[in-house]
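See below for the structure under consideration.
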Amino acid sequence: MRKITQAISAVCLLFALNSSAVALASSPSPLNLGTNVARLAEQAPIHWVSVAQIENSLAGRPPMAVGFDIDDTVLFSSPGFWRGKKTFSPESEDYLKNPVFWEKMNNGWDEFSIPKEVARQLIDMHVRRGDAIFFVTGRSPTKTETVSKTLADNFHIPATNMNPVIFAGDKPGQNTKSQWLQDKNIRIFYGDSDNDITAARDVGARGIRILRASNSTYKPLPQAGAFGEEVIVNSEY
């Protein structure tokens, strides 16, 4: 009888433990996970720089040609690209191959683009230095364009510093910006994409990364600093 009682007790205990485990496994995760100093101190090994530090690095150097990518570098232009996708190819990226889209984008839709604050600071600094400012974009070229005027107006670039936008286009397997950077002797090139940084390095220029905003329609977000390049702090806006 005693052995039977012990067996029953063991079964009951096992059932109780199992029920507790199931309840624990099915309970929701804590809403507030918290953190600690070690986690807060974790940082990716990125070469962060500020606009002021870039300016200081150029002290004493004569005026030079500098270049900027456009989309997600100087302009948050996702509104125009979002509209293009919804209008021309809601289920794919085919709108980027549609010349009608590029006619729209290059001739007015940048009125919906938001100038980035980091671009204002950089362009103001280079204008003060007397540098020649170029914009080299991967957008497809069109017969007419208003992007040059939009950029000059938004960033108050004097005619003596401003150059017409260069539409390098996009060709599979080719970095279309590299040759333009070389042809214009651009010594510093700012951009948000990996291609911008590699284009600069291809021609011995200084490639500096600007952060792409997390709500950009251009996904996936690039890994800033992956090439060991300088990355400007707080440059996502």
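Heads up: the sequence shown runs through residues -25 to -1, 1 to 212, numbered per mature numbering (1 follows the signal peptide of the UniProt record, and there is no 0).
We put the CB at the ideal spot given by N, CA and C, even for glycine.
This structure is a prediction, so every number in the text was calculated from the model and none was measured.
#1: Exposed or buried, what is THR112 when buried is set at 16 or more other beta-carbons lying within 10 Å of its beta-carbon?
#2: Tell me whether GLY203 is buried or exposed, calling it buried when 16 or more other Cβ atoms sit within 10 Å of its Cβ.
#3: Taking the runs of the alpha helix (DSSP H) that are 4 residues or longer, which of them lie wholly in the segment 81 to 118?
#4: For the pair the segment 133 to 153 and the segment 103 to 118, tell me if three or more CB-CB distances fall below 8 Å.
#5: One question on the structure: do THR125 and ASP85 come within less than 7 Å of each other, judged by their Cβ atoms?
#6: Would you mind reading off the limits of the beta strand (DSSP E) that contains PHE43?
#7: Is the beta carbon of VAL208 less than 7 Å from the beta carbon of SER25?
#8: For the structure I just gave you, are there three or more beta carbon pairs, one from the segment 188 to 196 and one from the segment 6 to 25, closer than 8 Å?
#9: Pick out the complete alpha helix (DSSP H) segments inside the segment 147 to 211, 4 residues or longer, and give them in chain order.
#10: Please name the residue, chosen from SER189, ILE185, TYR212 and ASP99, that lies closest to ILE21 on a Cα-to-Cα basis.
#11: What residue does the alpha helix (DSSP H) around VAL24 start on, and which one ends it?
Based on what the coordinates show:
#1: Looking at its Cβ environment, which holds 16 or more other Cβ atoms inside 10 Å, THR112 is buried.
#2: GLY203 should be labelled exposed.
#3: Entirely contained in the segment 81 to 118, the alpha helix (DSSP H) runs reaching 4 residues are, in chain order, 92 to 104.
#4: Three or more pairs of CB atoms, one per stretch, sit closer than 8 Å, so the segment 133 to 153 contacts the segment 103 to 118.
#5: Yes, they are a contact pair.
#6: Per DSSP, PHE43 belongs to the beta strand (DSSP E) from 40 to 43.
#7: The answer is yes: Cβ separation under 7 Å.
#8: Judged by Cβ distances under 8 Å, the segment 188 to 196 makes no contact with the segment 6 to 25, as fewer than three pairs qualify.
#9: If we require 4 residues or more, the alpha helix (DSSP H) runs fully inside the segment 147 to 211 come out as 152 to 158 and 169 to 177.
#10: Looking at the Cα atoms, ILE185 is the closest of the given residues.
#11: Per DSSP, VAL24 belongs to no alpha helix (DSSP H); it is in the beta strand (DSSP E), 22 to 24.
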